[in-house]
Amino acid sequence: MKTSSVSLRKAAAAAMPFLFALAAITSPTPGQAFLTTTTASVRLGVESLVNANKDKAGKVGIYVVDAQTSRVLVDINGQKAMVPASNNKLRTTAAALALLGEDFRYSTDILTTTSADDRGVLPGDLIVRGGGDPTISGRFETEKTDVTAPLREMAKALKAKGITEVAGNMLLDDTYFDRDYFHSGWYKSERGEWYEAEIWGLSFNDGCVDLTWSGKGLAPGDLASVTMTPQTNYAKVDNQVRVSAKGRPSDRTYTRADQSNDIIASGTITVDSSKVDSATVWNGPLFFASVFRDVLTSEGITVRGEARLLDPKEVATVEAGAQVIVSHKSPPLTDVVNTVNRVSQNYYADSLVKTLGREKKGTGSYAAGVEVINDYYKNAGIYMAGNIIVDGSGLAAENMVSARQLVETIRLADTGAHKAAWRDSLPIGSTRGSLKSRFQQTTQSRTLAPNIMGKTGLIGGVRTLSGITKNQAGREVYYSIMLNNFEFSGARAIEFIDELAVAIAASEDKVAPMETKAKPAIVKKGAKKKAKKSKAAAANITNAPKAQKALKKAAQGRRRPATPATAAVR
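So the sequence shown is numbered by this note's numbering: it starts at 3 and just counts up by one.
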């Protein structure tokens, strides 16, 4: 199905010459203070790049605002709703910090209704109550060598209570979240990939097993060797990965049916090399229980019964009179937010949405969490036209947001009580996170890269980057760059976005202090012709009476981006 990108390009091409002669004027929503800029260098730099790439750029949305004065520096389709990919995480994390606080921690509790006897035998059941904690893994351990470290801490705490045997069952309470564990907007064909990990109220290791592949000591064409971490019988891998010759592509894909833990691994690993991937498993609570039982055994505690997932209707009865004997706390929310934004961890982001629903509405569901997030931004006065949030990660193509809305989200977070923590979570060009290897094209881009902070976004047909940068005049600006339905390669799309970000960072705009709000612009017939003739209008926008910006409305048809072959939302 053809997209509306052709009509968009036609509209943009028709209006672009006029744009070069005029200031970017926006009509601020009541309560917002986005004003006309008095400078043109960043606008002209960005517009020239867009004009040069208009044939294949697809739908482009760009919005740039001076951080101090809120003057609009660039507005190219800035109020058109587009698919954000992982830029959706900016909305999720900013709301989570504001509503939960930096020190919020998850709790995973172990409860019993009986006490161990003199022999260390617990006559009843061991109840594990999940609290939605996405961090139960080795990610935050100092050495990062043992993914079971948090489970081992819990086992040691039980041993310290004198327990050496559980005569009953291991009962699992995952009701902190609902059991809508796989979002309807995600790609079902890719449920085996790490970026589509299931969201449960109790889980382990990001809902994944880690797979270490090696082609060392093998010849091209041989089956690659693979090691699973943690070592568990809970999942099985059908190894179809072959060794490829040196210099050949090295990539693997993972497929798995719903409610199955049979993982099919296909692809290649280069001879004499090794790589670590992650593949998802089904049913986080039972995965947790399987590995926890193994850890308990290794620590000298035997569980005689079975692991059983409690029906939500029986939880109150089962836990009546139970006492918490061990409570595991997660790292603070700041660490969770860092993981979401720096490495674009979908599992953490979607857990945050359900956490917001549980903590603020009493229901750990996508619907409740999305309602909390939308209410937060509405109450903050954010421009909401066209806004749609359906998940926390941005993996679902049904998410919609404009570049302006993302900029307003950034401004809200950057001027709030959690500014330092939120900024610390953002990737930085050539320095950390998903921007560490970006902006390497030219000497200028490599030099300016450390000035560019931003969250990346990537799903099929979508590339985005939004954040904060400092220009050559020393002024900070908030920016959002969005591409949808582009026709060039994904690599070229990223390169184009990097060029735009560098153009923003390379500008020398010195914006005058804010004085009055800009009035809504009305384009008059013949304005384009007059603008071409008037050098004064281009040289001094403030002297042109009611200077206008005209981009005719392009059709907003949107297709679901193509399935991202190896594309986690980044």
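Just so it is clear, CB atoms sit at the ideal spot from N, CA and C, and this is done for glycine as well.
Where the alpha helix (DSSP H) through residue i begins and ends
{"i": "Gly47", "result": "Ser43 to Ala54"}
{"i": "Ile129", "result": "It is not in any alpha helix (DSSP H) - Ile129 instead sits in the beta strand (DSSP E) that spans Leu128 to Arg131."}
{"i": "Asp337", "result": "Leu335 to Arg344"}
{"i": "Asn376", "result": "Tyr368 to Asn381"}
{"i": "Lys161", "result": "Ala151 to Ala162"}
{"i": "Arg609", "result": "As shown, the chain starts at 3 and ends at 572. That puts residue 609 outside it, with no answer to give."}
{"i": "Arg406", "result": "Ala405 to Asp416"}
{"i": "Tyr480", "result": "No alpha helix (DSSP H) holds Tyr480; the beta strand (DSSP E) holding it covers Glu478 to Asn486."}
{"i": "Pro251", "result": "It is not in any alpha helix (DSSP H) - Pro251 carries neither H nor E in the DSSP assignment."}
{"i": "Pro222", "result": "Per DSSP, Pro222 belongs to no alpha helix (DSSP H) and is neither H nor E."}
{"i": "Ile499", "result": "Gly492 to Ala508"}
{"i": "Thr95", "result": "Asn90 to Leu102"}
{"i": "Asn235", "result": "Looking at the DSSP string, Asn235 is not in any alpha helix (DSSP H), and its letter there is neither H nor E."}
{"i": "Tyr385", "result": "It is not in any alpha helix (DSSP H) - Tyr385 carries neither H nor E in the DSSP assignment."}
{"i": "Arg360", "result": "Asn348 to Lys363"}
Whether residue i touches residue j by CB criterion (9 Å)
{"i": "Asp500", "j": "Ser436", "result": "no"}
{"i": "Val44", "j": "Asn453", "result": "no"}
{"i": "Ile112", "j": "Val130", "result": "yes"}
{"i": "Gly394", "j": "Gly418", "result": "no"}
{"i": "Asn90", "j": "Gly396", "result": "yes"}
{"i": "Arg258", "j": "Gly194", "result": "yes"}
{"i": "Gly203", "j": "Gly132", "result": "yes"}
{"i": "Val85", "j": "Met402", "result": "yes"}
{"i": "Phe294", "j": "Ala199", "result": "no"}
{"i": "Gly103", "j": "Ser205", "result": "no"}
{"i": "Ser468", "j": "Ile412", "result": "yes"}
{"i": "Arg360", "j": "Tyr178", "result": "yes"}
{"i": "Gly47", "j": "Ile506", "result": "yes"}
{"i": "Ser509", "j": "Asn348", "result": "no"}
{"i": "Val392", "j": "His185", "result": "yes"}
{"i": "Asp105", "j": "Thr115", "result": "no"}
Sheet register partners of residue i (DSSP bridge)
{"i": "Arg310", "result": "Leu173"}
{"i": "Val328", "result": "Ile112"}
{"i": "Ser216", "result": "Ser227 and Ser276"}
{"i": "Ala281", "result": "Glu195 and Val211"}
{"i": "Val76", "result": "Val66"}
{"i": "Tyr256", "result": "Ala267"}
{"i": "Thr469", "result": "Here the sequence assigns Gly to residue 469, which means Thr is not the residue at that position. DSSP lists Gly456 and Tyr481 as partners of Gly469."}
{"i": "Ile430", "result": "Arg434 and Met455"}
{"i": "Ala390", "result": "Reading the sequence as shown, one finds Ile at residue 390 and not Ala. Paired residue(s): Met402."}
{"i": "Thr304", "result": "Glu167"}
{"i": "Leu124", "result": "Val168"}
C-alpha gap between residue i and residue j, whole angstroms
{"i": "Gln242", "j": "Thr299", "result": "33 Å"}
{"i": "Tyr480", "j": "Val283", "result": "39 Å"}
{"i": "Lys331", "j": "Asn53", "result": "52 Å"}
{"i": "Thr458", "j": "Tyr350", "result": "16 Å"}
{"i": "Ala69", "j": "Ala503", "result": "16 Å"}
{"i": "Ser109", "j": "Ala151", "result": "16 Å"}
{"i": "Leu358", "j": "Thr234", "result": "32 Å"}
{"i": "Ser482", "j": "Thr319", "result": "51 Å"}
{"i": "Val211", "j": "Ala237", "result": "8 Å"}
{"i": "Ser275", "j": "Gly456", "result": "32 Å"}
{"i": "Asp279", "j": "Leu408", "result": "31 Å"}
{"i": "Asp511", "j": "Leu414", "result": "23 Å"}
{"i": "Met386", "j": "Val374", "result": "14 Å"}
{"i": "Phe490", "j": "Ser262", "result": "37 Å"}
{"i": "Ser579", "j": "Ala226", "result": "In the structure displayed, the chain extends from 3 to 572; residue 579 sits before or after that span and is not available."}
{"i": "Ala281", "j": "Asp208", "result": "10 Å"}
{"i": "Ala125", "j": "Ala324", "result": "Looking at the sequence provided, one finds Pro at residue 125 rather than Ala. Computed Cα separation, rounded: 13 Å."}
{"i": "Asn545", "j": "Ser439", "result": "Low confidence applies to Asn545: its pLDDT is 28, below 50, so where it sits in the model is not reliable enough to give any reading."}
{"i": "Val168", "j": "Val149", "result": "24 Å"}
{"i": "Asp57", "j": "Val297", "result": "58 Å"}
{"i": "Leu153", "j": "Ala405", "result": "42 Å"}
{"i": "Glu410", "j": "Pro136", "result": "28 Å"}
{"i": "Phe290", "j": "Asp240", "result": "22 Å"}
{"i": "Leu101", "j": "Gln443", "result": "40 Å"}
{"i": "Asp77", "j": "Gly60", "result": "16 Å"}
{"i": "Lys380", "j": "Arg73", "result": "22 Å"}
{"i": "Arg254", "j": "Ala267", "result": "7 Å"}
{"i": "Asp264", "j": "Asp377", "result": "41 Å"}
Endpoints, the beta strand (DSSP E) within which residue i is located
{"i": "Ser268", "result": "Asp264 to Thr272"}
{"i": "Arg244", "result": "Lys238 to Ser246"}
Beta carbon proximity, residue i to chain B, threshold 9 Å
{"i": "Gly383", "result": "As a matter of chain content, chain B is missing from the structure shown, which is built from one protein chain."}
Practice problem: Determine contact between the segment 268-275 and the segment 218-235, defined as no fewer than three beta-carbon pairs at a distance below 8 Å. | Solution: yes
Quiz item: Does the count of Cβ pairs from the segment 337-346 and the segment 420-429 closer than 8 Å reach three?
Solution: yes
Quiz item: For the 8 Å Cβ check, are there 3 or more pairs between the segment 165-179 and the segment 307-322?
Solution: yes
Self-check item: Three-pair Cβ contact test at 8 Å for the segment 243-252 versus the segment 157-169
Solution: no
Quiz item: How do the segment 90-101 and the segment 312-319 stand: do at least 3 beta-carbon pairs fall below 8 Å, yes or no?
Solution: no
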